[in-house]
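Numbering (our numbering), first residue to last: 2 to 105.
Right, dumping it as structure tokens:
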């Protein structure tokens, strides 16, 4: 595992301590959890943007976001994104999901 050194605003230090104390974890563990959450959020946002722009299929968006097809559908629904895809794209996505499910 690598190490990353960053400078943060003073208020981040206070918030980090609050989070660590609330969760009863070390600050280093809190940083790892928050970074993981931030990376996941970024991946989801990027995938949703590409999907909304019609640059990827629903299945590809779910792969980019690192979530299941069903989780991606939930994200799309929460954001009220209309899918710029055809019925055949949906069928292909479902086939891919089923194929991946049985090959995992």
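The C-beta atom is built at its ideal place from N, Cα and C for all residues, glycine as well.
In the assembly as shown, residue 31 is a buried residue. Its beta-carbon has 16 or more other beta-carbons within 10 Å. Of the candidates 69, 57, 52, 97, 52 places its Cα closest to the Cα of residue 81. Annotation for residue 78: the continuous alpha helix (DSSP H) segment containing it runs 70 to 79. Residue 55 sits in coil when the DSSP states are folded into three classes, being neither helix nor strand.
Burial is judged here by how many other beta carbons sit within 10 angstroms of a residue's own beta carbon; residue 29 has fewer than 16 and is exposed.
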